[in-house]
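Numbered continuously in our numbering, the sequence shown closes out at residue 525. The beta-carbon is built from N, C-alpha and C at its ideal position, and this holds for glycine as well.
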Amino acid sequence: MKVLLLYPNTYGMNMIPPALGIFTAILKQAGHELQLFDTTDYVEDDRDFDKEKSENLNARPINDFSKLEEAKIFSDPIEDFNSLVNNFKPNLIAVSCVEDMFPRAIELLSSLNGNRPSVVMGGVFPTFAADVAYDNSNGCVDYILKGEGEKTILELCDKLEKNESVAHIDGIYYVEKNVFSGDKVINNHLPSPNSISDIPIPDYSLFQESRFYRPMHGKVRRMFPIETFRGCPYKCTYCNSPSQTTIYKDEINVNFFRKAEISRIEHEIETMINVYKADSLYFWADTFLSWNKADFYEFCDMYEKYKLPFWIQTRPETIKKEYFERLKEIGLLRVAFGIEHGSEWFREKYLERKLKNDKIIEKLKIVTDMKIPISVNNIMGFPFETRELVFDTIELNRQIESDGVNAYTFVPFHGVPLRKISEDNNFVKKGKIVRSLMNLTMLDQPQFSKEEIEGIRRCFVLYVKMPKDRWDDIRKAESLTPEGDKIWLSLKEECAEKYMNYGDHDATEDVGMVDFEK
8 MKVLLLYPNT YGMNMIPPAL GIFTAILKQA GHELQLFDTT DYVEDDRDFD
58 KEKSENLNAR PINDFSKLEE AKIFSDPIED FNSLVNNFKP NLIAVSCVED
108 MFPRAIELLS SLNGNRPSVV MGGVFPTFAA DVAYDNSNGC VDYILKGEGE
158 KTILELCDKL EKNESVAHID GIYYVEKNVF SGDKVINNHL PSPNSISDIP
208 IPDYSLFQES RFYRPMHGKV RRMFPIETFR GCPYKCTYCN SPSQTTIYKD
258 EINVNFFRKA EISRIEHEIE TMINVYKADS LYFWADTFLS WNKADFYEFC
308 DMYEKYKLPF WIQTRPETIK KEYFERLKEI GLLRVAFGIE HGSEWFREKY
358 LERKLKNDKI IEKLKIVTDM KIPISVNNIM GFPFETRELV FDTIELNRQI
408 ESDGVNAYTF VPFHGVPLRK ISEDNNFVKK GKIVRSLMNL TMLDQPQFSK
458 EEIEGIRRCF VLYVKMPKDR WDDIRKAESL TPEGDKIWLS LKEECAEKYM
508 NYGDHDATED VGMVDFEK
């Protein structure tokens, strides 16, 4: 069977998607013929997510984007997609997308007109809003895959190839058409999750080589994700991981949160190094330090021989000095920490985050005192938030010696617990599909306008890094007007020159690491 994988990504979102690599491996092993259409390198406007982060001071400056610039595609993606479909003639198009990619996927599929084969769509968005995805697909999606799709995609291909009914496949959602008895919605329960050890190592051979590169810590690196955990033990309301835990428990009474065996992690690392020439790695987990003590040290002992820089994300409450001493010894390059909000009562009431500010500061100081670079993630524009509450977040960030400060606008993705709160309070319409992180907030809140949120978001780093005697000028830069833009650009240049301190070591070096570029 011929299967065309479609990844309708936004330009500048450069991390390669493990799900597509896993599906490629699974379908190849089953004997199916595959092609991939990936829109990541198509330049359709002037926006570049990773480059904007660097230019807006959220991340270290990167002087050489040439590896990514060379890969830019300026042709029409719709024409190229139609050409590939016409030449490859797939029996099935399999779409993997998150919610803000969905409109791009439908635009591409709609362009096929009468030349469209069967289409199946999977991902986090279809899992939590199968009916919304199906009903808004412009008739271009035949089947929705809910939950993890490794088993479901194989069974669907097998049934379609044999022209058999797909009505009893776990995790399938579709509408069975019948002109006599009426349409019937098929909405089956979730498939049982695989052990990570039973899932094949991702196969990235369908991707262009340019997709193996991404900016990280001042350089464009040949960086690959390595799966260590699926799910998360925490319950943050702005994230979909708690909802995944809930739906798997409610529907089929299983625990969604799983860890990979160390031997499996080692196998995946070996593959990324030997097959794809990785020069750095990203350990793909919501909370990397979800290990127990024995597993953590087993991982470190296993990894020590590779001497490749690696990046992780975790939470302040997981920090232990001895853990980070060991991680630094084996090549830790950088850590991302989710702070999200600076008000203790707001964080506890609305976000299910209960750690006190003084404890956050104390824990992060353990890491920064060791000269390990950290970035901190912050979100603003939550339901019920105010301008004053954002300044609680700014004040907390001013007490942290961060190497990078990310400031995002809250996005009410389907499956995120705060989505329901947003709908119940008429901050967002029920069923409305979210837009990209790079757009204004979707929430309509009387106490905090879209323009106010965007203005303070773009000035967030300035407020954190510059002296308070400049705050009156920064306030003027919040204005989304030509005059405000002019002030913002001037202040951004001043901040970059005087107040952005990357003091751990030179951004072009990796302390303690072998020179992987020789």
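Nearest neighbour of residue 262, chosen from 252, 271, 269 and 185 [CA to CA] | As a working mapping, residue 262 is identified with position 255 in the sequence shown. Nearest option by C-alpha distance: 252.
Count the other CB atoms, across all protein chains shown, that sit within 10 Å of the CB of residue 106; report buried if there are 16 or more and exposed otherwise.
-> Taking the first residue of the sequence shown as position 1, residue 106 is located at position 99. By the 10 Å Cβ count, residue 106 comes out buried.
Using 8 Å as the threshold, is the segment 85 to 98 in touch with the segment 146 to 156, meaning 3 or more CB pairs across them?
-> no
Count the other CB atoms within 10 Å of the CB of residue 14; is the residue buried (16 or more) or exposed (fewer)?
-> Walking along the sequence shown from the start, residue 14 turns up at place 7. Classification for residue 14: buried.
Straight-line Cα distance separating residue 114 from residue 182 | The residue labelled residue 182 in the question sits at position 175 within the sequence shown. The residue labelled residue 114 in the question sits at position 107 within the sequence shown. Approximately 21 Å, taken between the alpha carbons.
Going by beta carbon distance, what residues of the same chain come within less than 8 Å of residue 423, once the five residues before and after it are set aside?
-> If you number the sequence shown from 1, residue 423 lands on position 416. Only 244, 245, 246, 247 and 250 meet the Cβ criterion.
For residue 411, which residues does DSSP report across the bridge?
-> Within the sequence shown, residue 411 is the residue found at index 404, counting from 1. Paired residues: 382.
State the DSSP-derived secondary structure class of residue 347, mapped to helix, strand or coil.
-> Within the sequence shown, residue 347 is the residue found at index 340, counting from 1. Here residue 347 sits in strand by DSSP.
Going by C-alpha distance, which of 336, 216 and 342 is nearest residue 223?
-> As a working mapping, residue 223 is identified with position 216 in the sequence shown. Ranking 336, 216 and 342 by Cα distance to residue 223 puts 342 first.
Once you ignore the five residues that flank residue 321 on each side, which residues in its own chain have a CB closer than 6 Å to its CB?
-> The count along the sequence shown starts at 1 and reaches residue 321 at position 314. Within the same chain, residue 321 has close Cβ partners 294, 295 and 296.
Contact check, residue 270 vs residue 317, beta carbons under 8 Å = Along the sequence shown, read from residue 1 onward, the residue named residue 270 stands at position 263. Along the sequence shown, read from residue 1 onward, the residue named residue 317 stands at position 310. No; because the gap between Cβ atoms is not below 8 Å, this pair is not in contact.
When 440, 484 and 221 are compared against residue 132, the one with the closest alpha-carbon = Walking along the sequence shown from the start, residue 132 turns up at place 125. Ranking 440, 484 and 221 by Cα distance to residue 132 puts 440 first.
Determine the direct distance from the alpha carbon of residue 282 to that of residue 450, and round the result to whole angstroms.
-> On the sequence shown, position 443 is the one that residue 450 refers to. On the sequence shown, position 275 is the one that residue 282 refers to. Answer to the nearest angstrom: the Cα atoms are 45 Å apart.
Looking at residue 99 and residue 7, is the spacing between their C-beta atoms short of 8 Å?
-> A question about residue 7 goes unanswered here, because the residues of the chain that appear run from 8 up to 525.
Within the same chain, show all residues whose beta-carbon is closer than 6 Å to that of residue 508, passing over the 5 residues directly before and after it, in chain order.
-> Position 501 of the sequence shown, counted from the first residue, corresponds to residue 508. Correct list: empty, nothing qualifies.
Length of the line joining the Cα atoms of residue 488 and residue 482 | For the purposes of this step, residue 488 is taken as residue 481 along the sequence shown, with counting starting at 1. For the purposes of this step, residue 482 is taken as residue 475 along the sequence shown, with counting starting at 1. Spanning the two alpha carbons is a distance of roughly 13 Å.
Residues in its own chain within less than 8 Å of residue 118 by CB, not counting five upstream and five downstream?
-> Counting from 1 along the sequence shown, the entry for residue 118 is found at position 111. Within the same chain, residue 118 has close Cβ partners 85, 88 and 89.
Buried/exposed call for residue 432, threshold 16 Cβ in 10 Å | Here residue 432 refers to the residue found at position 425 of the sequence shown. By the 10 Å Cβ count, residue 432 comes out exposed.
Determine the direct distance from the alpha carbon of residue 122 to that of residue 345, and round the result to whole angstroms.
-> As a working note, residue 345 is residue 338 in the sequence shown. As a working note, residue 122 is residue 115 in the sequence shown. Whole-angstrom Cα-Cα distance: 45 Å.
Secondary structure of residue 359, DSSP reduced to three states | Locating residue 359 in the sequence shown gives position 352, counting from the first residue. DSSP places residue 359 in coil when its eight states are reduced to three.
Taking all protein chains shown into account, do 16 or more other C-beta atoms lie within 10 angstroms of the C-beta of residue 149, making it buried, or fewer, making it exposed?
-> For the purposes of this step, residue 149 is taken as the residue at position 142 of the sequence shown. Classification of residue 149: buried, given that the 10 Å Cβ count is 16 or more.
Does DSSP classify residue 153 as helix, strand or coil?
-> For this step, residue 153 is matched to residue 146 along the sequence shown. Looking at residue 153 - three-state DSSP - the assignment turns out to be coil, as it is neither helix nor strand.
Mind checking whether the beta-carbon of residue 86 lies closer than 7 Å to any heavy atom of the ligand NAD?
-> Among the components modelled here there is no ligand, and therefore nothing to report on the ligand NAD.
Own chain partners of residue 275 with C-beta closer than 6 Å, once the 5 adjacent residues on each side are dropped = For the purposes of this step, residue 275 is identified with residue 268 of the sequence shown, where counting begins at 1. Excluding positions up to five away in sequence, the list reads 208 and 233.
Are residue 97 and residue 10 closer than 8 Å when you measure CB to CB?
-> Stepping through the sequence shown from its first residue, residue 97 is reached at position 90. Stepping through the sequence shown from its first residue, residue 10 is reached at position 3. Yes, the Cβ-Cβ distance between residue 97 and residue 10 is below 8 Å.
Have a look at residue 26 and residue 103 and give me their C-alpha separation to the nearest angstrom.
-> Along the sequence shown, read from residue 1 onward, the residue named residue 26 stands at position 19. Along the sequence shown, read from residue 1 onward, the residue named residue 103 stands at position 96. Rounded to whole angstroms, residue 26 to residue 103 spans 8 Å at the Cα level.
Selected residue, minimal CA-CA separation from residue 198, among 255, 453, 280 and 427 = What you label residue 198 is simply residue 191 of the sequence shown in a count that begins at 1. For residue 198, the nearest C-alpha among the options comes from 255.
Reference residue 141, options 110, 163, 65 and 169, closest by Cα = Against the sequence shown, residue 141 aligns to sequence position 134. Comparing Cα positions, the closest option is 110.
Residue burial classification, residue 45 (beta-carbon count within 10 angstroms, cutoff 16) = Mapped onto the sequence shown, residue 45 falls at position 38. Buried.
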